[in-house]
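Student: When we follow the working numbering, the leftmost residue of the sequence shown carries the number 4, and every step to the right adds one. Glycine residues also receive a C-beta, built at the ideal position from the N, C-alpha and C atoms.
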Amino acid sequence: MEINEAARRILQQHWRVVLVCLLVGLGVASLLNSGRATSYSATTRLVLDTQDPKSRTESEAIADTAKAIATSPQQVATALRRIRVQDRDPVQIARHDVGVAPLGTSAVLSLTVTDRDPKVAAALSTALARVVIRARLGVTNGHLPSALAALDRRIVDLNTRIAAIDVQMDALNAKLATAAGGAADALRAKADNLARTRDFLTQQRGVLESERVGLTAADAMRPKPAVLSPAQIPLHPDPSRRGADLLLGALLGIVAGVGIAGLLETFWPTLVGGLAVARELDTALLGTLEGSLDEDEGSAREQAAAARIRMAAEAKGARTVQLVPVGRRLDLWPLARR
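1) For my contact list, Thr-115 and Ser-62 are in at a C-beta cut-off of 8 Å; report their separation, rounded to the angstrom.
2) Tell me whether Arg-191 sits in a helix, a strand or coil according to DSSP, three-state version.
3) Pull up the CB-CB distance for Val-50 and Leu-112, whole angstroms please, since I reckon it's below 8 Å.
4) As a quick exercise: from Leu-29, Leu-14, Ala-310, pick the residue whose alpha carbon is nearest that of Leu-249.
5) In angstroms, rounded to a whole number, what distance separates the CA positions of Ala-234 and Val-216?
6) In whole angstroms, give me the CA-to-CA distance for Arg-164 and Gln-206.
7) Closest Cβ-Cβ distance between Val-21 and chain D: below 8 Å?
8) Please name the residue in Thr-53, Val-123, Ala-310, Val-23 whose C-alpha comes closest to that of Asn-144.
9) Is it buried or exposed for Arg-19, if we count other Cβ within 10 angstroms and need 16 for buried?
10) Within this structure, are the beta carbons of Val-134 and Gln-78 separated by less than 8 Å?
11) Give the range of the beta strand (DSSP E) segment to which Leu-254 is assigned.
12) Rank Thr-81, Leu-175, Asp-169, Ile-65 by C-alpha distance to the C-alpha of Val-94 and give the top, closest one.
13) Could you spell out where the alpha helix (DSSP H) holding Asp-52 opens and where it closes?
14) By DSSP, does Gly-102 sit in helix, in strand, or in coil?
15) Just verifying my parser: in three-state terms, what is the DSSP assignment at Asp-118?
16) Tell me which same chain residues have a C-beta within less than 8 Å of the C-beta of His-229, skipping the five on either side of it?
17) Taking 7 Å as the limit between beta carbons, can you name the residues of its chain near Ala-66, skipping five residues before and five after?
18) Does the separation of the CB atoms of Thr-117 and Asp-100 fall below 8 Å?
19) For the alpha helix (DSSP H) that contains Ala-73, what are its first and last residues?
20) Please name the residue in Arg-84, Ala-110, Ile-13, Ala-97 whose C-alpha comes closest to that of Asp-55.
21) CA-CA distance, Gly-185 and Leu-175?
22) Can you tell me whether Ala-264 is buried or exposed? The criterion is at least 16 other CB atoms within 10 Å of its CB, across all chains shown.
23) Using the C-alpha atoms, what's the distance from Gly-209 back to Asp-195?
24) Let's test the definition: count the other Cβ atoms within 10 Å of the Cβ of Val-159 and tell me whether it reaches 16, buried, or not, exposed.
25) Taking its Cβ as the centre, do 16 or more other Cβ atoms sit within 10 Å of Val-170, making it buried, or is it exposed?
26) Return the chain-ordered list of same chain residues with a C-beta closer than 7 Å to the C-beta of Ala-150, the five sequence neighbours on each side being excluded.
27) What number of angstroms, rounded off, separates the C-alpha of Gly-256 from the C-alpha of Asp-241?
28) With DSSP as the reference, label Thr-108 as helix, strand or coil.
29) Check whether the Cβ atoms of Ala-138 and Ile-72 lie closer than 8 Å to each other.
30) Nearest-angstrom Cα distance between Val-261 and Asn-36?
31) By a C-beta neighbour count over all protein chains shown, 10 Å radius and 16 as the cutoff for buried, is Thr-47 buried or exposed?
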């Protein structure tokens, strides 16, 4: 079956089905948009404690990290508490009303929050950006304070032990000043042991202090997260999706209608036009009569059709010609008389 013939069968014979599906699609789209309230979107720009990305892939990876934190219901609930808003569901906001995207290939991110109240949208966007930064620092810098505290405790312990050894060495030096003979030798040996112990402890303290300086320097070299641009209160609502949804509903309705019409043609095929009928019956098309045939009309069109049929019958030597209407009830008696 040719494409043109298939289109004629589907659109001409089943246009009502396509029209009904189109109207249903438009109705469903209108129904879905009828319950949507006006919404406002506010955007905050921020940077995390990450190095500048070298490609779009790295930039998107940074944005994915921020999005994973920002869309956590717990973080959204924390931001809502900070702005003292209690009539919002953090789960729904995290799932549907929070978005994070990179700005080009830079490390700057845009965090967008959508809400029915423009003031809440702006306040929540800024508060959530600060919560994201704090949560990120809790993950990346969580070990640094504890590591520095542990090093400080060990350094203090070594200082205490070194101070105690210094006290002992001062006491031994005082005794050596008055000792003689074997007693003096014993005191000098004890003083030498204390000096070696002190040197060892001093060396350990130097290593710990170097580690502490290294950690502090590494932390100082890391990029610092910050909110670059707090969200401003949006002055205009978000564009409505009604037009796009209606267009999508219409397209889906047309596709569904054409599909249903195609199924109908598959199981209950129809023939449209004289050529299709002639091809299906494997015969020649002599002509097509349009409108009703009136016995008293005597139109030239009917006379020409009768003459063509008569000539075809004489050429084939046929003595009898049977006229059968196709597609609708039609009285062919006036044509047969001619």
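Tutor: In this structure, then:
1) About 17 Å separates the two Cβ atoms, so there is no contact after all.
2) Residue state, collapsed to three classes: helix.
3) Indeed, because the Cβ distance is near 7 Å, the residues count as touching under 8 Å.
4) Comparing Cα positions, the closest option is Leu-29.
5) Roughly 38 Å between the two C-alpha positions.
6) Arg-164 and Gln-206: Cα-Cα distance of roughly 13 Å.
7) Here there is only one protein chain, and chain D is not present.
8) Just measuring C-alpha positions, the residue of Thr-53, Val-123, Ala-310, Val-23 sitting nearest Asn-144 is Thr-53.
9) Within 10 angstroms of the beta-carbon of Arg-19 lie fewer than 16 other beta-carbons, which makes it exposed.
10) The answer is yes: Cβ separation under 8 Å.
11) For Leu-254, no beta strand (DSSP E) segment is defined; the enclosing uninterrupted segment is the alpha helix (DSSP H) at 245-270.
12) Nearest option by C-alpha distance: Thr-81.
13) Asp-52 -> no alpha helix (DSSP H), and no H or E assigned at all.
14) Strand at Gly-102.
15) For Asp-118, the secondary structure class from DSSP, reduced to helix, strand or coil, is strand.
16) The amino acid at residue 229 is misidentified as His; the sequence shows Ala. Sequence-distant partners of Ala-229 (beyond 5 residues in either direction) whose C-beta falls short of 8 Å from its own C-beta, in its chain, are Leu-49, Val-50, Ile-136.
17) Only Val-103, Ala-104, Pro-105, Leu-112 meet the Cβ criterion.
18) Taking 8 Å as the cut-off, the Cβ atoms of Thr-117 and Asp-100 count as close.
19) 59-73 is the span of the alpha helix (DSSP H), which, as asked, contains Ala-73.
20) Closest option to Asp-55, Cα to Cα, is Ala-110.
21) Between the C-alpha atoms of Gly-185 and Leu-175 there is a straight-line separation of about 14 Å.
22) Buried is the call here.
23) Rounded to whole angstroms, Asp-195 to Gly-209 spans 21 Å at the Cα level.
24) Exposed.
25) Under this definition Val-170 is an exposed residue.
26) Leu-218, listed in sequence order.
27) Within the model, the alpha-carbon separation for Gly-256 versus Asp-241 is close to 27 Å.
28) If DSSP states are grouped into helix, strand and coil, Thr-108 belongs with coil.
29) In this structure, Ile-72 lies closer than 8 Å to Ala-138 by Cβ.
30) Between the alpha carbons of Val-261 and Asn-36 lies a gap of roughly 25 Å.
31) Result: buried.
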